[in-house]
Amino acid sequence: MSLPKFPDVTDGNNIKNSVAQILTSIAMEEIALSHIMNAEGEKIQFILGTLENGFKPKEPPTVEQVMQMNDSVRKLLNQVSSNQMFLAGKMSSAMSIYEHEEGNNNGGTKPDCPDCPDCPDCPDCLHLPVGVKIVSSGGTIIGNTVYLPQGKTDDLTAIVITSGENGANWTHNGDSGFTFTAQGNQAKVQTTTGTAVGSKLTVTATSKADGTKKDSVTIIVTDPAIKDVVVGEDGKLYADFGDNTFKEMTPNGMLIGEFVCGGMDRKPGNADDRYDIITTDGIKYLGPNEDESYQRAGTDGLLGTEDDIFVWKLDKNKEIGPGNESDTPPFVGVQKVIISSSDTVVLKGDSLQFQAIVQMSDKTTDPAGVTWTVSPSDSAKIDTNGYLTVNADASASTLTIKATSVTNTNVYASATITVISPITDVPEIVDGLILKANKAGD
């Protein structure tokens, strides 16, 4: 990534050369931004292991690392987008001055000032079409609404694009509980802990250069525990509490419904959401899970992600909480026995191998294993390893195999096997002959 070279000026500083230098500086900034965006793209390719040069991370990234990388790239691209607005205004201003000068040299007037006979003395000739955009640093802007937690302060900036005076005039109106101050392009909105949730204040920034150009935002006070406001995957508005838990929120800032956990993707409003959230003494838990465990946030501070800490109740009769949790199950017992075999049909006189595992409540396997039995026992036998042998003269048409946990004899599994006779009288290959009934039956 080489640095662009600024061209030398050899024929003096006139309007044309000055505009050319301004446009060159804009081009240089655009090149720099393109290098930044390219670097971000290569960062994504590196962490995903798709760089053309073959460079890859030593270990595959975790979901958490990919999400952190994605958030970092998104924030930087937002800054690039904001910078593009300033560059657009800068370029428009430079081109306006150039067009004005060219129009004056040709004895004409600038198209924006068709009724001005005194160009370039008329100040209106220097005015461009103006754009105004309000940005927030303390709240969350969604559309034209800024969601600001109760007791917080928001610094607003009016971005005004014009070649003339670039200041803004501020006005506001709405509910009580707000303190508003403004100076130049900057404004500050303050709320107190006593400002009611749902209170509204509409703030408008109007360009001093063109009073028809303005932007307005409505500031709505939200619950102080809210860290952010997001649009869920289902298109609904959610309050983000900063720990991967959310609550649905109305456009007026009111919370509705219960807590929802965003799941592994950390986004509300889709299939991996969880609603089994328990809050005890300010700590949120997910559960109970199938093994009676509960999850609380790990070092990343997010509930429902890879580094969750699994805990169990010390006292099953009490609510899970800081004083009633253990990092190991208080009791691990036999949960179930699982039997598997390669077939469900066996010939008389043949054998069949069975396997069985004993699954414990903590998802481990019981090394004590099982005890095998078969019934009716006069037609077959099964050894301690689950190897079944059927008698050649077995009278039973079905056999029941049973695997019983050694640790807990009340837990077992069974399987039914069909016993068939081998074909002993195989017909010969014939051509044009009529087979006897007993031959055809075989």
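Under numbering that gives the first Met the number 0, the first residue of the sequence shown carries the number 0, and numbering increases by one thereafter. Backbone N, C-alpha and C fix where the C-beta goes; we use that ideal spot for every residue, glycine too. As the structure is a prediction and not an experimental result, all values here were calculated from the model.
Query	Result
Backbone CA spacing between Ala355 and Pro250 [nearest angstrom]	57 Å
Contiguous beta strand (DSSP E) assignments of at least 3 residues, all confined to the stretch 156 to 219	167 to 173, 177 to 182, 185 to 190, 199 to 206
DSSP three-state assignment for Ile319, whether helix, strand or coil	coil
CB contact flag (Thr190, Thr201, <9 Å)	no
Per-residue burial, Glu305 [other beta carbons within 10 Å of its own, 16 or more giving buried]	exposed
Buried or exposed (CB count within 10 angstroms, at least 16 for buried), Gln149	buried
Cβ pair Leu387, Ala393 closer than 9 Å	no
Opening and closing residue of the beta strand (DSSP E) in which Ala414 lies	411 to 419
DSSP state of Gln64 mapped onto helix, strand, coil	helix
Boundaries (first-last residue) of the beta strand (DSSP E) holding Ser339	333 to 340
Cβ neighbours of Val134 in the same chain (closer than 6 Å, five flanking residues each side left out)	Thr156
Reduced DSSP secondary structure (H/G/I, E/B, other) of Leu313	coil
Inter-residue CB distance, Thr415 and Thr399 (contact presumed, cutoff 8 Å)	6 Å
Gly137 (DSSP reduced to helix, strand or coil)	coil
Where the beta strand (DSSP E) through Ser374 begins and ends	369 to 374
Nearest residue (CA-CA) to Gly262, options Thr279, Tyr284, Gly252, Met248	Tyr284
Val369 versus Ile338, Ala224, Asp361, residue with shortest Cα-Cα distance	Ile338
Residues near Asp239 by beta carbon distance below 6 Å, same chain, minus five either side	Lys226, Asp227, Val229, Phe245
9 Å Cβ cutoff met for Ser206 and Val259	no
Proximity of Val196 and Asp222 at Cβ, strictly below 9 Å	yes
Simplified DSSP state of Glu41, which is helix, strand or coil	helix
Gly322 burial status per 10 Å Cβ neighbour count (16 or more: buried)	exposed
Of the listed residues Leu50, Leu301, Lys235, Leu313, nearest to Glu291 (C-alpha basis)	Leu313
Integer-rounded CB distance, given that Gly231 should sit under 8 Å from Gly256	Going by Cβ atoms, the distance from Gly256 to Gly231 rounds to 12 Å, so no, they are not a contact pair.
Close beta carbons around Gly138, own chain, < 6 Å, minus the five adjacent residues each side	Val145, Tyr146, Leu147, Asp153
Asp365 beta carbon less than 9 Å from that of Thr406	yes
Residue environment, Asp326, which counts as buried when at least 16 other CB atoms sit within 10 Å	exposed
DSSP bridge partner residues for Met248 (one or two, in chain order)	Leu254
From Ala31, Gly142, Ser215, Thr178, residue whose alpha carbon lies closest to that of Asn168	Ser215
Proximity of Gly348 and Asn390 at Cβ, strictly below 9 Å	yes
Cutoff 8 Å; reference Thr298; Cβ partners in own chain excluding five residues on either side	Asp306
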